[in-house]
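**Student:** Numbering (the working numbering), first residue to last: 1119 to 1248.
Where is the CB? At the ideal position from N, CA and C, for every residue including glycine.
Computed from a predicted model, the values in this text were never measured in an experiment.
Have a look at this one:
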(Lines of atoms letter the chains of each structure in order from A and count residues from 1; the text may use other names and numbers.)
(Lines give C-alpha, C1' and ligand atoms only; values in the text may rest on other atoms or scores of the structure.)
Protein backbone atom coordinates (compact mmCIF):
# COMPACT_ATOMS: atom_id res chain seq x y z
CA UNK A 1 0.00 0.00 0.00
CA UNK A 2 1.10 3.52 -0.75
CA UNK A 3 -0.55 6.29 1.25
CA UNK A 4 -1.88 8.92 -1.11
CA UNK A 5 -3.32 11.32 1.45
CA UNK A 6 -4.90 11.66 4.84
CA UNK A 7 -8.31 12.47 6.27
CA UNK A 8 -8.74 15.10 8.96
CA UNK A 9 -11.49 15.82 11.47
CA UNK A 10 -12.82 19.28 12.40
CA UNK A 11 -9.90 19.77 14.80
CA UNK A 12 -7.35 19.02 12.08
CA UNK A 13 -6.29 15.68 13.58
CA UNK A 14 -5.44 12.95 11.09
CA UNK A 15 -8.17 10.31 11.32
CA UNK A 16 -7.29 8.02 8.44
CA UNK A 17 -5.46 7.46 5.22
CA UNK A 18 -6.35 7.13 1.56
CA UNK A 19 -4.08 4.45 0.15
CA UNK A 20 -3.36 2.86 -3.20
CA UNK A 21 -2.68 -0.87 -3.40
CA UNK A 22 0.37 -1.04 -5.66
CA UNK A 23 -0.48 -4.62 -6.72
CA UNK A 24 -4.10 -4.07 -7.81
CA UNK A 25 -4.46 -0.31 -8.21
CA UNK A 26 -7.41 -0.35 -5.79
CA UNK A 27 -7.96 2.84 -3.79
CA UNK A 28 -8.73 2.11 -0.14
CA UNK A 29 -9.67 4.46 2.71
CA UNK A 30 -8.64 3.53 6.24
CA UNK A 31 -10.54 5.31 9.02
CA UNK A 32 -8.81 5.48 12.40
CA UNK A 33 -9.08 7.10 15.82
CA UNK A 34 -5.31 7.55 15.83
CA UNK A 35 -2.81 7.51 13.00
CA UNK A 36 0.89 6.71 13.20
CA UNK A 37 3.01 7.63 10.22
CA UNK A 38 5.93 5.21 10.09
CA UNK A 39 7.86 6.14 7.00
CA UNK A 40 11.20 5.20 5.57
CA UNK A 41 14.10 7.58 5.47
CA UNK A 42 15.34 9.95 2.84
CA UNK A 43 18.98 8.93 2.59
CA UNK A 44 18.81 9.09 -1.20
CA UNK A 45 18.80 12.87 -0.98
CA UNK A 46 22.58 12.56 -0.68
CA UNK A 47 24.78 11.88 -3.69
CA UNK A 48 26.80 9.27 -1.82
CA UNK A 49 24.71 6.90 0.29
CA UNK A 50 24.19 3.23 1.04
CA UNK A 51 20.46 3.75 1.61
CA UNK A 52 18.02 1.76 -0.51
CA UNK A 53 16.84 3.42 -3.72
CA UNK A 54 13.32 3.68 -2.26
CA UNK A 55 14.46 5.95 0.61
CA UNK A 56 13.57 9.16 -1.20
CA UNK A 57 11.76 10.99 1.58
CA UNK A 58 8.25 10.68 0.15
CA UNK A 59 6.72 9.90 3.55
CA UNK A 60 8.51 12.77 5.26
CA UNK A 61 7.40 15.10 2.46
CA UNK A 62 3.81 13.93 2.90
CA UNK A 63 3.99 14.68 6.62
CA UNK A 64 5.42 18.15 6.06
CA UNK A 65 2.78 18.98 3.43
CA UNK A 66 0.11 17.93 5.95
CA UNK A 67 1.61 20.33 8.50
CA UNK A 68 2.99 17.61 10.77
CA UNK A 69 6.04 18.80 12.72
CA UNK A 70 9.12 16.66 12.20
CA UNK A 71 12.25 16.53 14.30
CA UNK A 72 15.74 15.02 14.30
CA UNK A 73 15.76 14.97 10.51
CA UNK A 74 19.53 15.31 10.50
CA UNK A 75 19.85 11.75 11.85
CA UNK A 76 20.35 9.64 8.71
CA UNK A 77 21.83 6.17 8.81
CA UNK A 78 24.94 5.60 6.75
CA UNK A 79 26.14 2.05 6.94
CA UNK A 80 29.92 1.89 7.38
CA UNK A 81 30.44 -1.26 5.34
CA UNK A 82 29.66 0.11 1.92
CA UNK A 83 31.76 -0.23 -1.19
CA UNK A 84 33.28 3.19 -1.91
CA UNK A 85 31.83 4.74 -5.04
CA UNK A 86 29.38 1.91 -5.69
CA UNK A 87 26.56 2.92 -3.34
CA UNK A 88 25.97 -0.67 -2.24
CA UNK A 89 26.54 -2.51 1.01
CA UNK A 90 28.91 -5.31 1.86
CA UNK A 91 26.93 -8.07 3.54
CA UNK A 92 27.01 -8.34 7.33
CA UNK A 93 28.29 -11.87 6.78
CA UNK A 94 31.69 -10.46 5.80
CA UNK A 95 32.44 -9.47 9.38
CA UNK A 96 30.86 -12.69 10.60
CA UNK A 97 33.38 -14.59 8.51
CA UNK A 98 36.31 -12.62 9.93
CA UNK A 99 36.25 -9.39 7.92
CA UNK A 100 37.21 -6.14 9.62
CA UNK A 101 37.15 -2.41 8.99
CA UNK A 102 40.20 -0.50 7.82
CA UNK A 103 40.76 3.22 7.57
CA UNK A 104 42.23 4.83 4.45
CA UNK A 105 45.73 3.99 5.72
CA UNK A 106 44.94 0.29 5.88
CA UNK A 107 44.87 0.27 9.69
CA UNK A 108 42.35 -1.53 11.88
CA UNK A 109 40.95 1.22 14.09
CA UNK A 110 37.68 0.30 15.79
CA UNK A 111 39.20 -0.96 19.03
CA UNK A 112 41.32 2.17 19.36
CA UNK A 113 38.59 4.77 18.72
CA UNK A 114 35.39 2.99 19.76
CA UNK A 115 36.17 -0.03 21.92
CA UNK A 116 32.53 -0.48 22.96
CA UNK A 117 31.02 -0.01 19.51
CA UNK A 118 30.72 -2.58 16.79
CA UNK A 119 30.99 -0.46 13.65
CA UNK A 120 28.29 2.19 13.91
CA UNK A 121 28.68 5.95 14.21
CA UNK A 122 32.10 5.85 12.59
CA UNK A 123 32.97 7.05 9.12
CA UNK A 124 35.12 4.40 7.47
CA UNK A 125 36.85 3.56 4.25
CA UNK A 126 37.37 0.11 2.82
CA UNK A 127 40.87 -0.33 1.57
CA UNK A 128 40.80 -1.95 -1.83
CA UNK A 129 43.92 -4.07 -2.39
CA UNK A 130 45.69 -3.30 -5.65
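Which whole runs of the alpha helix (DSSP H) in the region 1151–1213 are 4 residues long or more, in chain order?
**Tutor:** Entirely contained in the region 1151–1213, the alpha helix (DSSP H) runs reaching 4 residues are, in chain order, 1176–1183.
**Student:** Looking at C-alpha atoms only, which residue of 1231, 1182, 1168 is the closest neighbour of residue 1201?
**Tutor:** In the chain shown, counting from the first residue as 1, residue 1201 sits at position 83. Considering only alpha carbons, the answer is 1168.
**Student:** Within a Cβ cutoff of 7 angstroms, which residues of the same chain sit near residue 1160, ignoring the five residues on either side of it in sequence?
**Tutor:** In the chain shown, counting from the first residue as 1, residue 1160 sits at position 42. Counting only Cβ-Cβ distances below 7 angstroms, and skipping sequence neighbours, we find 1173, 1174, 1175, 1178.
**Student:** Residues in its own chain within less than 8 angstroms of residue 1207 by CB, not counting five upstream and five downstream?
**Tutor:** For the purposes of this step, residue 1207 is identified with residue 89 of the chain shown, where counting begins at 1. Only 1168, 1197, 1199, 1200, 1201 meet the Cβ criterion.
**Student:** Would you list the residues sitting across from residue 1147 in a DSSP beta bridge?
**Tutor:** For the purposes of this step, residue 1147 is taken as residue 29 along the chain shown, with counting starting at 1. DSSP, once it has assigned bridges, lists 1136 as partnering residue 1147.
**Student:** Within the same chain, show all residues whose beta-carbon is closer than 7 angstroms to that of residue 1158, passing over the 5 residues directly before and after it, in chain order.
**Tutor:** One-based indexing of the chain shown puts residue 1158 at position 40. Same-chain partners within the cutoff: 1172, 1173, 1177.
**Student:** Do residue 1145 and residue 1155 have their C-beta atoms closer together than 7 angstroms?
**Tutor:** The residue labelled residue 1145 in the question sits at position 27 within the chain shown. The residue labelled residue 1155 in the question sits at position 37 within the chain shown. Taking 7 angstroms as the Cβ cut-off, residue 1145 and residue 1155 do not qualify as a contacting pair.
**Student:** For residue 1220, which residues does DSSP report across the bridge?
**Tutor:** By one-based count along the chain shown, residue 1220 stands at place 102. 1226, per the DSSP bridge assignment.
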